[in-house]
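Have a look at the structure below before the remarks.
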Amino acid sequence: MTLKAAKNAVRVTPEDTYKLILSRMCLTDFPKCLIKLTHVNMLDLSCNQINKLPDNIGNLKSLTRLDLRSNKLQALPQSIGNLSQLTYLNASNNFLTAEGLPPSIGSLTNLKTLNLGLNKLNSLPPTFAGLHALQVLKLFYNHFVVLPEFLKGLSSLTKLDIKGNPLKDQEVTEESEDKVILVHESLLCKKCRKKCGGLCIEEETGGEIIEEAEMRTYPGLMVPNSVAKLSQDQWR
1 MTLKAAKNAV RVTPEDTYKL ILSRMCLTDF PKCLIKLTHV NMLDLSCNQI
51 NKLPDNIGNL KSLTRLDLRS NKLQALPQSI GNLSQLTYLN ASNNFLTAEG
101 LPPSIGSLTN LKTLNLGLNK LNSLPPTFAG LHALQVLKLF YNHFVVLPEF
151 LKGLSSLTKL DIKGNPLKDQ EVTEESEDKV ILVHESLLCK KCRKKCGGLC
201 IEEETGGEII EEAEMRTYPG LMVPNSVAKL SQDQWR
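The numbers in the UniProt record's numbering rise by one with no breaks, and the one at position 171 of the sequence shown is 171.
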């Protein structure tokens with residue numbers, strides 16, 4: 001790939017950011033000319049066959065999103081820690097090992113989402129404790145037997161995906177994953193309604209649950225086969 005071709009491939013988003021998508025292009029090497037595109041904010045190199053990143057990838061200091069998923073990377077360069085504006089990093093589905101993760105990643109203080117799933121990791125550098133802005137960490141299908149203790153100190157972390165790891169004394173299982181079940185408010189008691197932040201139906205009706213009308217009709221509305229079906233509700 002030439003520098004001219006790379007420049008022509010850059011697109012401007014509605015948010016006035018510069019995006020370069022080079023996904024699924026059968027790239028086996030990182031195009032060195034990309035290092036000169038220091039104005040690019042979003043770089044997508046996913047689904048290629050890249051096995052190594054250049055040592056000077058840290059020169060792309062404007063990057064906020066970097067997608068490296070589904071390549072053949074065994075390590076990330078130390079200079080990746082210079083991407084201080086990075087908020088999203090996806091390096092899933094590669095061949096990364098614990099030795100291939102540079103401690104400098106802990107310098108990415110603006111990083112909010114880090115996806116390292118589907119690799120060969122069994123530990124993380126202690127410097128990861130400095131990722132105080134991290135909200136989502138995906139470590140699914142790696143080789144973790146024990147999770148790093150410092151993960152408990154990541155105050156902004158709201159989602160941790162560890163599915164598919166051979167964890168000992170695993171507290172989080174697939175059966176205990178968060179599930180959302182929607183129910184009508186009339187099925188909730190007073191205590192549950194308060195937890196949901198609303199007023200209880202029992203309070204509003206003096207202890208009686210308001211039942212749905214047995215039959216509702218919609219005068220003036222035409223419905224298919226209205227002779228066979230006498231109400232709109234039955235059609236709904």
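A virtual CB, placed ideally from N, CA and C, is assigned to each residue, including glycine.
Everything numeric in this text was worked out from a predicted model, so none of it was measured.
(message) Please report the straight-line C-alpha distance between R24 and C47, rounded to a whole angstrom.
(response) Your numbering for residue 24 matches position 24 in the sequence shown. Your numbering for residue 47 matches position 47 in the sequence shown. In this structure, the straight-line span from the alpha carbon of R24 to that of C47 is close to 5 Å.
(message) If I follow the unbroken beta strand (DSSP E) through K19, where does it start and stop?
(response) Taking the sequence shown and counting its residues from 1, the one referred to as residue 19 is at position 19. If you look at K19, you'll find it in the beta strand (DSSP E) that goes 18-21.
(request) Please classify K4: does DSSP put it in a helix, a strand, or coil? (result) Within the sequence shown, residue 4 is the residue found at index 4, counting from 1. Three-state DSSP puts K4 in a helix.
(request) Within the stretch 109-156, note down every full beta strand (DSSP E) run reaching 3 residues or more, in order along the chain. (result) If only complete runs of 3 or more residues are kept, the stretch 109-156 shows the beta strand (DSSP E) at 113-115, 136-138, in order along the chain.
(message) Cutting at 6 Å between CB atoms, please list the residues of its own chain near F140, excluding the five before and the five after it.
(response) Numbered from its first residue, the sequence shown carries residue 140 at position 140. So the list reads G117, D161, K163, G164, once near-sequence residues are dropped.
(request) Over the uninterrupted beta strand (DSSP E) stretch that includes M42, give me the two end residues. (result) On the sequence shown, residue 42 is found 42 positions in, with the first residue counted as 1. That run of the beta strand (DSSP E) goes 42-44.
(message) Pull the bridge partners of N90 from the DSSP assignment, please.
(response) Within the sequence shown, residue 90 is the residue found at index 90, counting from 1. In the DSSP output, where bridge partners are listed per residue, N90 has D67, N115.
(message) DSSP three-state label for K163, please.
(response) The residue you call residue 163 lines up with position 163 of the sequence shown. Secondary structure of K163 (DSSP, three-state): coil.
(request) Quick one: measure Cβ to Cβ for L111 and L86, integer angstroms, because I've assumed they're closer than 8 Å. (result) As a working note, residue 111 is residue 111 in the sequence shown. As a working note, residue 86 is residue 86 in the sequence shown. Taking 8 Å as the upper bound for CB-CB distance, L111 and L86 are in contact here, some 6 Å apart.
(request) Kindly indicate which residue of F30, A129, N56 has the alpha-carbon position closest to the one of L45. (result) Here the question's residue 45 lines up with position 45 in the sequence shown. Of all alpha-carbon atoms in F30, A129, N56, the one lying nearest the alpha-carbon of L45 is that of F30.
(message) Rounded to whole angstroms, what is the Cα-Cα separation between T17 and N41?
(response) Translated into positions along the sequence shown, residue 17 becomes position 17. Translated into positions along the sequence shown, residue 41 becomes position 41. A direct Cα-Cα distance of roughly 6 Å separates T17 from N41.
(message) Rounding to the nearest angstrom, what Cα-Cα distance links A6 and T28 in this structure?
(response) Residue 6 sits at position 6 when you count from the first residue of the sequence shown. Residue 28 sits at position 28 when you count from the first residue of the sequence shown. A6 and T28 have their alpha carbons spaced roughly 16 Å apart.
(request) Find out if the Cβ-Cβ distance for the pair T38, S70 is shorter than 8 Å. (result) Within the sequence shown, residue 38 is the residue found at index 38, counting from 1. Within the sequence shown, residue 70 is the residue found at index 70, counting from 1. Judged by beta-carbon spacing, S70 lies beyond the 8 Å limit of T38, meaning their Cβ atoms are not closer than that value.
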